[in-house]
Amino acid sequence: EAVMRLGLGKSKPGRAKVGRSQRELYYKVVRSKVVSLAANFCGAVGCILANKLVFRRGFDLPLTMTLLGYSVVSVSIGANRLARGEKRESSFRQSPWRRVALIGLTALAPALANASLKHNSVGFTQLSKVLTTPCIAALERWRGIGAPLTNRRLFWLAVVHGGVLLASVADVTVTRLGAVLALLNVLVTARYKVDWSATCRELVKLHMHGAPGKPSPAIEVAALTDAVERTLPHATVCLLPLALALEGRRALALVRTMDAAGLLTVALAAALGALTSLTGYSVIGRLSALTHQILGQFKMCCLIFASRLLFAAPLNATQFLGAGMTMSAILAYTQATLDQRRRIDQALPLRDKLGELASPPPEAPHEDSRHPRPPNGHQLPPRTRHQTDRKSAVTFVA
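Straight run, no breaks: the sequence shown in my numbering ends on number 640.
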């Protein structure tokens, strides 16, 4: 029995090491920004295709679909809090106006997007999203978020939207109500994404406790979780009376007459909407609102090809050319963004070194027979020639 216990004791560290490595790999995958981008891409494409199936069954209720997706996320947040068994206290203090604005924008933005898609064609909806990109870029520059756009990035952004115009020009039908909804969607979406990005950045600074350097993925995920828990349940409550007042009776009538396959399709669309919302917040909070907007254009091109393969949609050569040009330009824009970030990262250490030289730490005072320490109220001895030359050299280098 003693030998067996010793043997088990020797095998435990190995098992613990394997378990720890598996957990580290799991957290590394979950906290990866590339995984967030891929999950948002897959969730959004699946959500749009599922909503198309739901709309074909007559369940064309944009507010109700948004409410169902937010309800899934809110229930998940509540279950997570119960599993933790403790309340999450945060020292983050935000002005009431900004918090109410963020909650209202979170409730209205997806609902306006679904309403615009309902009253306009897919092509006009994508054309209206072209106006969202300059609005987001202007708001980010006004708030000082992210790196400035270089000429190379601006050029590829123009090519991206030129491809979107070519891909969407064949399917443009618009009504007066649809045009108003599309314009409101542009303004609300731009403000909504930029506010989410700014809030997440403020929470990241709070979780870092003033420490210098880049935040770790764990800190970014913790800040994002804090932002979602503070905002999304309240947005769900705000959206509930609006959805009940405008679409409540029709939603109940459709649910009563719908078969099991239709209810399953609605549930699938709600789950994919929840996944799209969570991963979208991750992309906006950990990267930027502009990145999320460009990812939306990439999803549009993939949906064009998917509609041809899955639904046999009639597409002409101009639409295929525009989709291909958009995807190629997005890849070139991504490369330009990575090059700019690499140059910024390479310039940071040199700037830090010059900053340290320009402001050297004060030397500890020492007793010397040639330069005795002066008492309080007396002047310090004059600066030596060595110290003067050192200051001149540092000034020249800076």
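Just so it is clear, CB atoms sit at the ideal spot from N, CA and C, and this is done for glycine as well.
Assigned exposure category for residue i - 16 Cβ within 10 Å defines buried
i      : result
ASP468 : buried
ARG322 : Note on identity: in this sequence residue 322 is Asn, with Arg being the wrong assignment. Exposed: under 16 other Cβ atoms inside 10 Å.
GLY300 : exposed
PRO602 : For PRO602, the predicted structure reports a pLDDT of 44, less than 50, and the residue's modelled location is therefore unreliable. A value from the coordinates is still provided. Exposed, since its Cβ has fewer than 16 Cβ neighbours within 10 Å.
LEU419 : exposed
SER410 : buried
ASN393 : exposed
ALA509 : exposed
ARG443 : buried
VAL314 : buried
VAL479 : exposed
GLN539 : buried
GLN588 : exposed
PRO390 : exposed
VAL497 : exposed
PRO352 : buried
LEU517 : buried
ALA286 : buried
Nearest-angstrom Cα separation, counted from residue j out to residue i
i      : j      : result
LEU482 : THR473 : 15 Å
LEU529 : LYS275 : 8 Å
MET542 : THR560 : 15 Å
LYS456 : TYR523 : 20 Å
HIS534 : GLY311 : 19 Å
CYS377 : ASP501 : 43 Å
TYR434 : ASN282 : 17 Å
MET307 : ALA511 : 8 Å
ASN362 : LEU425 : 12 Å
VAL416 : ARG585 : 44 Å
MET450 : LYS360 : 43 Å
ALA325 : SER318 : 10 Å
TRP398 : ALA571 : 6 Å
LEU520 : LEU514 : 10 Å
VAL342 : ASN558 : 46 Å
PHE562 : ALA495 : 40 Å
ARG298 : THR507 : 11 Å
SER549 : TRP339 : 42 Å
PHE366 : PRO454 : 45 Å
VAL402 : SER337 : 37 Å
THR499 : VAL277 : 39 Å
GLY405 : MET567 : 5 Å
LYS294 : ALA465 : 34 Å
MET569 : CYS544 : 9 Å
Span of the alpha helix (DSSP H), counted from its first residue to its last, around residue i
i      : result
HIS451 : HIS451 -> no alpha helix (DSSP H), and no H or E assigned at all.
ALA355 : 338-361
MET307 : 304-326
LEU295 : 275-298
ILE526 : 502-528
ALA389 : Looking at the DSSP string, ALA389 is not in any alpha helix (DSSP H), and its letter there is neither H nor E.
VAL470 : 459-499
Close-in-space but distant-in-sequence residues of the same chain around residue i (CB under 8 Å, 5 per side omitted)
i      : result
VAL436 : ILE378, LEU381, GLU382, ARG385, ILE387 and ALA531
ARG395 : TYR575, ALA578, THR579 and GLN582
LEU552 : LEU291
ARG492 : LEU303
LEU407 : LEU369, VAL372 and GLY564
Contacts around residue i, its chain only, beta-carbon distance under 6 Å, and the 5 residues preceding and following it disregarded
i      : result
ALA477 : ILE345, THR348 and ALA349
LEU309 : LEU481 and ALA485
ILE526 : LYS435, TRP438, SER439 and HIS534
LEU369 : SER410
Neighbourhood of residue i by C-beta distance below 7 Å, restricted to the same chain and skipping five residues each side
i      : result
THR374 : VAL428, THR431, ALA432 and GLN535
GLY320 : none
GLU462 : VAL446 and ARG528
LEU488 : LEU305
LEU423 : LEU354, ALA357, SER358 and HIS361
PHE547 : ALA565
LEU279 : VAL525 and LEU537
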